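In what follows, a structure is listed as structure tokens, so that the remarks can point back to it.
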Amino acid sequence: MKRYFPFLLITGVLVLTFIFPSVDLHNVAGNPKFDTGDIAWMLMSTALVLIMTPGLAFFYGGMVNKKNVISTMLQSVICMVIITVMWGIFGFSLAFGDSIGGIIGNPSTYFMMKGMLGNATWKLAPTIPLLLFAMYQLKFAIITPALITGAFAERIRFNSYIIFLCLFSIFIFSPLAHSTWHPDGILAKLGVLDFAGGTVVHMSAGWAALASAIYLKGRSEANHAPARVTYVIIGTGLLWFGWFGFNAGSAFGANHLAVNALATSTTASAAAGLTWIFFDMLRGKKPSAMGTCIGAVVGLVAITPAAGFVSIPHSLAIGIISAVVSNLVVEWRTRTSIDDTLDVFPCHGVGGMVGMLLTGVFAHQNVNAANVTGNGLFFGHTHLFFVQCIALVVASVFSFFGSLLLLKITDMISPLRVSPEEETIGLDISQHGEKL
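First residue of the sequence shown? That's 13 in my numbering, and the numbers climb one at a time after it.
And the structure:
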């Protein structure tokens, strides 16, 4: 039955396409005309964010043992196909449908992408079609569970991973996306600022990664040499390139805010990459390609929630501070029994938290007038920083303990860990029958 069930599911999707063709026009009186420049930029941003997932596959794939490269990369790529199908059926509705208690969207609101034809738009992106907004947000839903994979790399069963990523997308990502980015979401109403995913993407993935590392315990071969440092460099380039769509695209238009987000993103990343290797040198280490790449990505992570709310000088500060903090947490993690294989929690989880807090420190309304919560702590205001702290605690507790529960449920359905023999052989062969 286990062999037939997945195909029965996709057959069910086929049946739904005949029952719900979603061809009705949905024209809303009074909607502004679409802006072709904004549409062009958001089409490009959507493609840029998508390329981040193959970039992540290279980034993670280069760090693991040679016998696990294909499996690790596939864990990212499989998110592109599974989450896309889920998003088209009910995922977009869960994240952005009519609000249910400010926590989750009504799954029937955009079921099978109904209501996408005509001049329908999203409330906060009035110059682009609703379908384009949905496809842009899909790319965030794709990369979030993919980020977690670095924590349990080299020891998770592929079939069980698929179950977990589906559950995570439904029960962790969607509620956080709705609460933070839907105008009726509880965190949005509180005034939380998360420009492009510090809470929704990086903190949720980082805490889920920590939960996964604890639940699955350590690898039998904890020490290993990266298979391809060159893959890591390629992955970093693709991630940095795609991140311009990730952050600047979150302005939802070709405007001054997108320019600011693009500029703050690249300066924070550069500052973090430089700080990481300088900090390594301070502690007696050699400046390495791995360190430069990891630092650059940490900077991108940390600036994500702040990109459209802070100035260039403060983006440099965010990059420098986040690199030092994450570097120290990586060092701390190596002295514990927690086997977070590729340090997802120290880099994405901690980087996201640092970014969220520093948004509350450095945000200024002159950068983004849509910031109605107020200026940051640096400018003598406390309210925004307090709000960011609340969001950090809520998102952390929800993501960590929610992920632990989902891991347990997944393990009950299908064992999460490969056998010791399969781990020794390597996941490329044992899970996929392929090798480099």
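Cβ coordinates follow ideal geometry from the N, Cα and C atoms, glycine included.
These numbers were taken from a predicted model, which means no experiment stands behind them.
What are the start and end residues of the alpha helix (DSSP H) that includes residue 72? Residue mapping note: residue 72 aligns to position 60 of the sequence shown, counting from 1. 48 to 73 is the span of the alpha helix (DSSP H), which, as asked, contains residue 72.
Grab the span of the alpha helix (DSSP H) containing residue 24 for me, first residue to last. Position 12 of the sequence shown, counted from the start, is the residue given in the question as residue 24. Per DSSP, the unbroken alpha helix (DSSP H) holding residue 24 starts and ends at 17 to 31.
Does the pairing of the region 229 to 248 with the region 141 to 150 give three or more beta-carbon distances under 8 angstroms? As far as the Cβ criterion goes, the region 229 to 248 does not touch the region 141 to 150, which means the pair count is below three.
Cα separation between residue 262 and residue 432? Position 250 of the sequence shown, counting from 1, holds the residue named residue 262. Position 420 of the sequence shown, counting from 1, holds the residue named residue 432. Taking the straight line joining both Cα atoms gives about 44 angstroms.
I'd like the ranges of any alpha helix (DSSP H) spanning at least 4 consecutive residues and lying wholly in the region 103 to 170. Within the region 103 to 170, the complete alpha helix (DSSP H) segments at least 4 residues long are 104 to 108, 142 to 160, listed from N- to C-terminus.
Contact under 7 angstroms by Cβ, residue 367 with residue 238: The residue you call residue 367 lines up with position 355 of the sequence shown. The residue you call residue 238 lines up with position 226 of the sequence shown. When the beta-carbon positions are compared, residue 367 and residue 238 stay at least 7 angstroms from each other.
Whole-number beta carbon distance between residue 130 and residue 38, since they are thought to touch under 8 angstroms: As a first step, residue 38 is located in the sequence shown; it is residue number 26 there, counting from the start. As a first step, residue 130 is located in the sequence shown; it is residue number 118 there, counting from the start. Yes, residue 38 and residue 130 are in contact; Cβ-Cβ is about 4 angstroms, under 8 angstroms.
Report the rounded CA-to-CA distance for residue 55 versus residue 281, giving the unit in angstroms. Position 43 of the sequence shown holds residue 55. Position 269 of the sequence shown holds residue 281. About 24 angstroms.
Taking 7 angstroms as the threshold (C-beta atoms), are residue 386 and residue 393 in contact? Residue mapping note: residue 393 aligns to position 381 of the sequence shown, counting from 1. Residue mapping note: residue 386 aligns to position 374 of the sequence shown, counting from 1. Closer than 7 angstroms, so yes.
Exposed unless 16 or more other CB atoms sit within 10 angstroms - verdict on residue 343: In the sequence shown, counting from the first residue as 1, residue 343 sits at position 331. The residue in question, residue 343, is exposed, as its Cβ has fewer than 16 Cβ neighbours within 10 Å.
As a quick exercise: from 350, 20, 132, 240, pick the residue whose alpha carbon is nearest that of residue 45. Stepping through the sequence shown from its first residue, residue 45 is reached at position 33. Here the closest residue by C-alpha is 132.
Suppose the cutoff is 7 angstroms on Cβ atoms and the five residues either side in sequence are ignored; what does the same chain contact list for residue 228 look like? Here residue 228 refers to the residue found at position 216 when the sequence shown is read from its first residue. Closer than 7 angstroms at Cβ, skipping near neighbours: 164, 167, 168, 428, 429.
Candidates 382, 86, 124, 59: which alpha carbon is nearest residue 72's? Counted from its first residue, the sequence shown places residue 72 at position 60. Measuring from the Cα of residue 72, the nearest candidate turns out to be 86.
Applying the 10 Å Cβ sphere with the 16-neighbour rule, what's the burial state of residue 447? Sequence index remark: in the sequence shown, residue 447 carries index 435 (1-based). Residue 447 should be labelled exposed.
Report back the beta-carbon spacing between residue 374 and residue 322 to the nearest angstrom; my notes put them in contact at under 8 angstroms. As a working mapping, residue 374 is identified with position 362 in the sequence shown. As a working mapping, residue 322 is identified with position 310 in the sequence shown. So it is a contact: roughly 4 angstroms between Cβ atoms.
Report the CB separation of residue 182 from residue 216 in whole angstroms; it is logged as a contact under 8 angstroms. The count along the sequence shown starts at 1 and reaches residue 182 at position 170. The count along the sequence shown starts at 1 and reaches residue 216 at position 204. Rounded to the nearest angstrom, the Cβ distance from residue 182 to residue 216 is 13 angstroms, too far for a contact under 8 angstroms.
Flag this pair as yes or no: are the beta carbons of residue 250 and residue 151 separated by less than 7 angstroms? Residue mapping note: residue 250 aligns to position 238 of the sequence shown, counting from 1. Residue mapping note: residue 151 aligns to position 139 of the sequence shown, counting from 1. Not closer than 7 angstroms, so no.
How long is the line joining the alpha carbons of residue 120 and residue 400, rounded to whole angstroms? Start at 1 with the first residue of the sequence shown, and residue 120 comes out as number 108. Start at 1 with the first residue of the sequence shown, and residue 400 comes out as number 388. Computed Cα separation, rounded: 31 angstroms.
Can you tell me which of the three DSSP states residue 177 falls into? Numbered from its first residue, the sequence shown carries residue 177 at position 165. Here residue 177 sits in helix by DSSP.
Closest to residue 77 by CA distance: which of 278, 333, 381, 236 is it? Position 65 of the sequence shown, counting from 1, holds the residue named residue 77. The shortest Cα separation from residue 77 among 278, 333, 381, 236 belongs to 236.
Cα separation between residue 434 and residue 162? Locating residue 434 in the sequence shown gives position 422, counting from the first residue. Locating residue 162 in the sequence shown gives position 150, counting from the first residue. Computed Cα separation, rounded: 18 angstroms.
Taking the DSSP output, what are the residues bridged to residue 429? Working through the sequence shown from its first residue, we reach residue 429 at position 417. Per DSSP, 168.
Sequence-distant residues of the same chain with beta carbon closer than 6 angstroms to residue 314, five excluded per side: Translated into the one-based positions of the sequence shown, residue 314 becomes position 302. Same-chain partners within the cutoff: 330, 334, 363, 366, 367.
Judging by CA-CA distance, which residue of 138, 350, 222, 67 is the nearest neighbour of residue 41? Here residue 41 refers to the residue found at position 29 when the sequence shown is read from its first residue. For residue 41, the closest of 138, 350, 222, 67 by C-alpha to C-alpha distance is 138.
Unbroken stretches of the alpha helix (DSSP H), 4 residues or longer, contained in the region 300 to 381: Along the length of the region 300 to 381, whole alpha helix (DSSP H) runs at least 4 residues long occupy 301 to 315, 324 to 346, 362 to 374, reported in chain order.
With the cut-off set at 7 angstroms, would you say residue 310 and residue 338 are in Cβ contact? For the purposes of this step, residue 310 is identified with residue 298 of the sequence shown, where counting begins at 1. For the purposes of this step, residue 338 is identified with residue 326 of the sequence shown, where counting begins at 1. In contact: residue 310 and residue 338 (Cβ atoms closer than 7 angstroms).
Determine which residues share a DSSP beta bridge with residue 294 and list them. One-based indexing of the sequence shown puts residue 294 at position 282. Residue pairing from DSSP leaves residue 294 without any beta-bridge partner.
Provide the residue span of the alpha helix (DSSP H) that contains residue 221, from first to last. Reading the sequence shown from its first residue, position 209 is the one you call residue 221. Unbroken alpha helix (DSSP H) run through residue 221: 216 to 228.
Exposed or buried, residue 190, counting other C-beta atoms within 10 Å across all chains shown (16 or more means buried)? Within the sequence shown, numbered from 1, the residue matching residue 190 stands at position 178. Buried, by the Cβ-count rule.
Using 10 angstroms around the beta-carbon of residue 29, count the other beta-carbons present and answer buried if the total reaches 16, otherwise exposed. In the sequence shown, counting from the first residue as 1, residue 29 sits at position 17. Result: exposed.
Considering only residues of the same chain and omitting the five flanking positions on each side of residue 115, which have a CB-CB separation below 8 angstroms? Within the sequence shown, the letter at position 103 stands for residue 115. Closer than 8 angstroms at the Cβ level, and outside the excluded window around residue 115, lie 187, 190, 191, 197, 198.
Could you check how far apart the C-beta atoms of residue 207 and residue 320 are, in whole angstroms? I think they sit under 8 angstroms. Locating residue 207 in the sequence shown gives position 195, where the first residue counts as 1. Locating residue 320 in the sequence shown gives position 308, where the first residue counts as 1. Right, their Cβ atoms sit about 4 angstroms apart.
In whole angstroms, what separates the C-alpha of residue 380 from that of residue 371? Here residue 380 corresponds to residue number 368 of the sequence shown, with the count starting at 1. Here residue 371 corresponds to residue number 359 of the sequence shown, with the count starting at 1. Take the alpha-carbon of residue 380 and the one of residue 371: they are about 12 angstroms apart.
Close beta carbons around residue 214, own chain, < 6 angstroms, minus the five adjacent residues each side: For the purposes of this step, residue 214 is identified with residue 202 of the sequence shown, where counting begins at 1. Once the five neighbours on either side are set aside, the close Cβ partners of residue 214 are 313, 360, 364.
Drop a sphere of 10 angstroms on the beta-carbon of residue 36, count the other beta-carbons inside from all chains shown, and report buried for 16 or more, exposed for fewer. Looking up residue 36 in the sequence shown gives position 24. Here residue 36 is exposed: its Cβ has fewer than 16 other Cβ atoms, across all protein chains shown, within 10 Å.
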